[in-house]
Structures are given as C-alpha cells and as structure tokens.
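So the structure is just underneath, and the comments pick up after that.
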Ligand SMILES: Nc1ncnc2c1ncn2[C@@H]1O[C@H](COP(=O)(O)OP(=O)(O)O)[C@@H](O)[C@H]1O
Ligand SMILES: [Mg+2]
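Residue numbers (this note's numbering), protein chains in the order written: chain A, 4 to 269; chain B, 1137 to 1416.
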C-alpha cells in the first residue's frame, strides 16, 4: 500500500518528521507514580516494540503519547514528548488535531456502535470531511489497505459488531488510518485474536511501517522478535533498556532484561 | 427435600405470572366489554355534539386530539431538555462529581412528587402570570412531569455505557461534544424505552392537566386555548348519572388503553431497529 494513492488531500502531512522523543516523562495517577523518568527515542518509520511484565506501565506510556491519559481520573503528566520540535505535552495545538496524527489500536477491538462504513468514515467526519463521494473513496481505500474490502464490500452498511473479532480489529486499524496519522500506537493489538487473524494483523503492521512510525506493546516475546526493529523493555514504570532489536535480544546489557528474555518472569 | 422446595417455588412463580396475566386480561375485559357497546366510528371521529352529555350525538375526538397534542409536544420538549442533561452528567462530569450526585438526587425527588402537586404548582404559576387553563399550560406541566422520568431512565442506560467507546472516539480526535453521536447511538434503546415510559405515564395522567389544560368540547387551534384530554374525558363522563354516558367513559378508556398499547408495541419495534448497531 502506498500513500500516493490517497483519495483525498484533506490532511497535508505537516512536518514529515515522524520521530518521537520522550524526555523525563513522569506520570502519576493519584498518589502513585506509574511512569518514572522515561527517556526514549522512537525512530522514524520503524516498528518499536514495548515489552515488559504486565502492570509495568506499557499502556500508560501509549496513552500518554496521544494524551488519552488526560481523561483518566487523577492523572498528572510531566516531562516532554517531542514530535519534531513540538512538545505535545504542553503544546498549544488542539488536542484533537494531535490525536488525529497519532492513531491508536487497542487490545480489544473497539468498533463504534455504527455500521462498517460509518466506523471508517467517523474520524474523517469529525475532522470536517462531509462530501459523501469523498468519504466513499476514503472508506474503500482504507478497507483495501487492511485487506478487508473484499470481505465486507457487500455489507458496508451492516453493524460493525457483526464482524468476527479479527475483522473488527482490522476495521479499527482502517479507521485509525483513515484520518492520516503519522504514528500508530498498538496496545497488544493481536492478543484477543486467533493465531491466523493475529498473523494477518501482524503482517499488516510490517507493511505499514513504510509509511508510519509504529509503536507496539506486545505480550509475546516471539512476536516482538519477529517484527521489532527497536525494542523498549520496561519494568515497574521505568525503561530498563531500549535499543535496536538485534542488540536488545541478542546482547542485553541489563541483568533484568536478560532474566525477562529468558523467561525467568513475565 | 430440595426437590420439593424447587417445586413449590416453581408453583409460586406460575401462580404470580398467572395473577398478573389475569389482572391485565380483566382490566382489558372490563374496559372493552363496557366500552364496546358505545364504541363507534362517530365516537372517535366527531366532536361532542348537542346533548352529548345526556347521551345524544357526537364523540370525543376533542379529547383524543388534545391528549396527543399535549403528550407529543411534551415528549419532544422533554427530550430536548433531558438528552443534554444526561449527556453532561455522563460524559462531562467525572464519576465522583458532587454536582452529578446532587443532580441525580434532585431528579429522584422530582420523580417521587405526585402529579397533582405538579398540577397545583403549574396552576399557581399560571394564576400568578394571569394565564387561563390552556393547551400551552398543560404542555408545560406535563413536560415538567416527564423530565425526571426521562432523565432517570436515560441516565440508567448511559451509566452502563462502555467507557472504551468514549476513548475510541477521543483517540480519533473527537471532542467531548462530538462524542454525542456515538453515545446516542449506543443508548438509543434506553432513550426509546424512556420515551415510552414517560409517554405512557403522561397520557394517562389526569391530575397534572386538570387545572392547567382545562377542558373543552372543541379542538384547540392555539396554545392559549384550553384543551380536552382523554383521562379527563373518562373522569367527567364516568361521573354522569346517565348509563349511556358512563359507557362512553369506557369507550374513551378503551381508546386510551389502545393508544398506550400501540405506543409500546410500536416503540419496541423501533427500539429493535435502533439497537441494531449497539455493542453488547
Ligand atoms: N486509572 C488508573 N488508576 C490507578 N492506577 C492505574 C490506572 N490505570 C493503570 N493503573 C496502574 O498503573 C500501572 C501500569 O498500568 P498499565 O499501564 O496498564 O500497565 P501494562 O499495560 O504494562 O500492563 C499498574 O500498576 C496499574 O495498576
Ligand atoms: Mg496494558
């Protein structure tokens, strides 16, 4: 899939840098520190896998990146998250525009209570695309991009909740892509899927990295080994080790990382 | 022993189900058997003619139309007020919000107030404003009466609303206001049910409209004219000493019941259509 095919130009890509830099990020929820002094560089147009035992703050890290953390009761965020040289934690840019640029695919497929067509069109509509013809083109384009078009072309106007779980997840991905993000955040996006559907989605991400920077939380080390270019290992709210996949997997610097990779804990 | 217990409980359940069914059937039977004799096309298609109240010609179209006007307008006004309130309570306010707690408590209190009190309140207000009993007054009072029902039942539906749906909409860049479309679709069945409940209560309520809408033999052509209603038609005709007029009360009651039946069956069909997209 290529972007040259884009059926509309509603969202010119602002800065073409899709590198993200996180500096001294702290997140508190209530009195407890969930993320502690996170420093990271998310490389441009690669797959960065975030691994670590459950409860270590992976989801919170992703939710900070698109400021969804704002809607968590009692959450406070400090530090900087830079896209290019713009700090999205303190940016004056409207948060809705920020979220458009950073797509999120959650663990459990989350179709909106609408038809398949409306699900994909929803994001475009809230960002001001009203033209039906244009919407039809966008919907088709992105359903094709996730390999769902042939399966649903005949029933675009039936409820999205009737799709299989794997189809729903690809639909959610198409929905995120339809607003032309620069980043895709995926939080254990394949963990609810059966092995075949899971492979499908995984391959999709590999193809998408030509155009997007992908940050993926994964629960299976094997998946990370298959697709990661970059790996971030977290433990108890801190980044223990981060670097190119080859290095982290084959030559981990930290005792904890070694233990985790060898399956001593999970 | 356990077996016996189960049998007794089962028998009790059958008994109470049968009781409820018998009750419904006997109400319908009383109304229909008494009302059927005087039920005619004339009854539902004509205004009261000369001598209607001593058993001569005419019908009670005035009451049917008056009731539909009042209930229809109140339902629309009630929805216009309640939907934003419910949306605000559930999307804008945090779960632990004190304001939300106070608003819900206020609604519960309003919900428990008998309709005659609403009627008296409306009446006092209209006297103070120098207004006479009118269609407009009836609409306002019935709207006030049903708003708490609307809010309570819709709020109930909205509280079960999965938060992930909101997060999904936010992560696509929706503002809180823009999530209303999503919220409404998900709780549409709840709204339909709320509308039914309130219409059912509003159309059968006599006390709220007695002083505020008044009664008349004609169909109101403006908001400031008085309007007849079905429950009052039943009430006035039933208090007549003439048997024929009393039977007309049952005919009016039958029409009232029929409207409620049509509303609830129709509402259920519409609801099924609405819940098509709902996530389980
Ligand atoms: N809304 C919340 N309120 C309080 N604590 C939370 C909340 N969300 C997450 N946490 C806590 O933050 C920590 C990190 O959670 P999370 O980011 O979901 O971890 P992961 O995705 O790595 O499993 C956990 O200890 C969790 O209990
Ligand atoms: Mg998680």
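Ideal placement from N, C-alpha and C gives every residue a C-beta, glycine not left out.
Next on the checklist: On the DSSP letters alone, give me the boundaries of the alpha helix (DSSP H) that residue 1388 of chain B sits inside.
Outcome noted: Against the second chain, residue 1388 of chain B aligns to sequence position 252. It spans 1379-1410 - the alpha helix (DSSP H) in which residue 1388 of chain B sits, taken as one unbroken run.
Item to check | Sequence-distant residues of the same chain with beta carbon closer than 8 Å to residue 9 of chain A, five excluded per side | outcome: Locating residue 9 of chain A in the first chain gives position 6, where the first residue counts as 1. Because the pLDDT of residue 9 of chain A is 46, which lies under 50, any placement of that residue in the model is unreliable, and the number read from its coordinates should be weighed accordingly. So the qualifying residues of the chain are 144, 183.
Item to check | Closer than 8 Å to chain A by CB, residue 1300 of chain B | outcome: Against the second chain, residue 1300 of chain B aligns to sequence position 164. Output row for residue 1300 of chain B: interface = yes.
Item to check | Spatial neighbours of residue 1199 of chain B in its chain, beta-carbon cut-off 8 Å, leaving aside the 5 residues before and after | outcome: Position 63 of the second chain holds residue 1199 of chain B. Around residue 1199 of chain B: 1364, 1365, 1366, 1368, 1369, 1388.
Next on the checklist: For a cutoff of 8 Å on Cβ pairs, would you count residue 144 of chain A as touching chain B?
Outcome noted: Within the first chain, numbered from 1, the residue matching residue 144 of chain A stands at position 141. Not closer than 8 Å to any Cβ of chain B, the Cβ of residue 144 of chain A fails to qualify, so no.
Checklist entry - Looking only at DSSP bridge pairs, what is residue 90 of chain A linked to? => result As a first step, residue 90 of chain A must be located in the first chain, where it is residue number 87. In DSSP, residue 90 of chain A forms a bridge with A/85.
Item to check | Segments assigned beta strand (DSSP E), at least 3 residues, entirely inside the stretch 213-250 of chain A | outcome: 216-220, 233-238, 241-247
Checklist entry - Does residue 1311 of chain B have its Cβ less than 8 Å from a Cβ in chain A? => result Taking the second chain and counting its residues from 1, the one referred to as residue 1311 of chain B is at position 175. With 8 Å as the cut-off, residue 1311 of chain B counts as an interface residue toward chain A.
Next on the checklist: Can you tell me whether residue 193 of chain A sits near ligand 1, meaning its C-beta is under 7 Å from at least one heavy atom of the ligand?
Outcome noted: Here the question's residue 193 of chain A lines up with position 190 in the first chain. Not under cutoff, so the answer is no.
Item to check | Simplified DSSP assignment, three categories, for residue 1219 of chain B | outcome: By one-based count along the second chain, residue 1219 of chain B stands at place 83. Helix, per DSSP.
Checklist entry - Which residue from A/134, A/64, A/236, A/72 puts its Cα closest to that of residue 23 of chain A? => result For this step, residue 23 of chain A is matched to residue 20 along the first chain. Answer by Cα proximity: A/64.
Item to check | Reduced DSSP category for residue 1357 of chain B - H, G, I as helix; E, B as strand; rest coil | outcome: As a working mapping, residue 1357 of chain B is identified with position 221 in the second chain. Coil, per DSSP.
Next on the checklist: Can you confirm whether the stretch 145-164 of chain A touches the stretch 1322-1335 of chain B when touching is taken to mean that 3 or more C-beta pairs between the two stretches lie within less than 8 Å?
Outcome noted: no
Next on the checklist: Using a strict less-than 5 Å threshold between each residue's beta carbon and the heavy atoms of ligand 1, what residues do you get?
Outcome noted: A/32, A/37, A/57, A/58, A/59, A/60, A/61, A/62, A/63, A/75
Next on the checklist: For residue 1205 of chain B, count the other beta carbons within 10 Å of its own beta carbon; 16 or more makes it buried, fewer makes it exposed. Which is it?
Outcome noted: To locate residue 1205 of chain B, count along the second chain from 1; it is residue 69. Label assigned to residue 1205 of chain B: buried.
Next on the checklist: Which residues does DSSP list as the beta-bridge partners of residue 190 of chain A?
Outcome noted: If you number the first chain from 1, residue 190 of chain A lands on position 187. Answer by DSSP bridge pairing, in chain order: A/220.
Checklist entry - Nearest chain B C-beta to residue 15 of chain A closer than 8 Å, yes or no? => result Within the first chain, residue 15 of chain A is the residue found at index 12, counting from 1. Note on residue 15 of chain A: pLDDT 48, under 50, position unreliable in the model; no value is reported.
Next on the checklist: Is residue 220 of chain A near ligand 2 - that is, is its Cβ less than 7 Å away from at least one heavy atom of it?
Outcome noted: As a position in the first chain, residue 220 of chain A is number 217, starting the count at 1. Yes, the beta carbon of residue 220 of chain A sits closer than 7 Å to at least one heavy atom of ligand 2.
Next on the checklist: With H, G and I counted as helix, E and B as strand and the rest as coil, what does DSSP make of residue 118 of chain A?
Outcome noted: Taking the first residue of the first chain as position 1, residue 118 of chain A is located at position 115. Strand.
Checklist entry - Any C-beta of chain E sitting closer than 8 Å to the C-beta of residue 107 of chain A? => result This model lacks chain E altogether, as its protein chains are A and B.
Checklist entry - ligand 2 heavy atoms versus the CB of residue 1303 of chain B: any closer than 7 Å? => result Here residue 1303 of chain B refers to the residue found at position 167 when the second chain is read from its first residue. Checking every heavy atom of ligand 2 against the Cβ of residue 1303 of chain B, none is found closer than 7 Å.
Checklist entry - Regarding residue 190 of chain A and ligand 2, is the C-beta to nearest heavy atom distance less than 7 Å? => result In the first chain, counting from the first residue as 1, residue 190 of chain A sits at position 187. Yes - ligand 2 has a heavy atom lying nearer than 7 Å to the Cβ of residue 190 of chain A.
Next on the checklist: Let me confirm a value: residue 1284 of chain B is counted as buried when at least 16 other C-beta atoms fall within 10 Å, else exposed. Which label applies?
Outcome noted: Taking the second chain and counting its residues from 1, the one referred to as residue 1284 of chain B is at position 148. Buried.
Checklist entry - What separation, rounded to the nearest whole angstrom, lies between the Cα atoms of residue 11 of chain A and residue 136 of chain A? => result As a first step, residue 11 of chain A must be located in the first chain, where it is residue number 8. As a first step, residue 136 of chain A must be located in the first chain, where it is residue number 133. Bear in mind that the predicted position of residue 11 of chain A carries a pLDDT of just 49, short of 50, making it unreliable; the figure below should be weighed with that in mind. If I take the Cα positions, the gap works out to 11 Å.
Checklist entry - So what does DSSP say about residue 1198 of chain B, is it helix, strand or coil? => result To locate residue 1198 of chain B, count along the second chain from 1; it is residue 62. In this structure, residue 1198 of chain B counts as helix in the three-state DSSP scheme.
Item to check | residue 52 of chain A, DSSP secondary structure in three states | outcome: Your numbering for residue 52 of chain A matches position 49 in the first chain. Strand, per DSSP.
Checklist entry - What residues in the stretch 156-172 of chain A have a beta carbon less than 8 Å from any beta carbon of chain B? => result 162, 163, 164
Item to check | C-alpha distance - residue 1265 of chain B paired with residue 1257 of chain B, whole-angstrom precision | outcome: Within the second chain, residue 1265 of chain B is the residue found at index 129, counting from 1. Within the second chain, residue 1257 of chain B is the residue found at index 121, counting from 1. In a straight line, the C-alpha of residue 1265 of chain B is about 12 Å away from that of residue 1257 of chain B.
Item to check | Residue range of the alpha helix (DSSP H) that includes residue 45 of chain A | outcome: The count along the first chain starts at 1 and reaches residue 45 of chain A at position 42. Careful: residue 45 of chain A lies outside any alpha helix (DSSP H), inside the beta strand (DSSP E) at 35-45.
Next on the checklist: Just to confirm my understanding: we take residue 282 of chain A, look at its own chain, exclude 5 residues before and 5 after, and list those with CB closer than 8 Å. What are they?
Outcome noted: The first residue shown for chain A is 4 and the last is 269, placing residue 282 of chain A beyond what the model contains.
Checklist entry - Can you list the residues of chain A that residue 1303 of chain B reaches, using a CB-CB cut of under 9 Å? => result In the second chain, the residue the question calls residue 1303 of chain B occupies position 167. In chain order: 66, 71, 74, 107, 109, 113.
Checklist entry - Shortest alpha-carbon distance to residue 121 of chain A belongs to which of A/75, A/202, A/178? => result The count along the first chain starts at 1 and reaches residue 121 of chain A at position 118. Cα-wise, what sits closest to residue 121 of chain A is A/178.
Checklist entry - Any idea which residues DSSP pairs residue 169 of chain A with across the strands? => result Numbered from its first residue, the first chain carries residue 169 of chain A at position 166. In DSSP, residue 169 of chain A forms no bridge with anything.
Item to check | Proximal residues, the stretch 1195-1219 of chain B versus chain A, C-beta separation under 8 Å | outcome: none
Item to check | Residue nearest to residue 99 of chain A in terms of C-alpha spacing, selected from A/89, A/118, A/86, A/71 | outcome: Here the question's residue 99 of chain A lines up with position 96 in the first chain. Ranking the options by Cα distance to residue 99 of chain A, first place goes to A/71.
Next on the checklist: Quick check on residue 100 of chain A - is its C-beta less than 8 Å from some C-beta in chain B?
Outcome noted: Taking the first residue of the first chain as position 1, residue 100 of chain A is located at position 97. Taking Cβ atoms only, chain B reaches closer than 8 Å to residue 100 of chain A, which makes this a yes.
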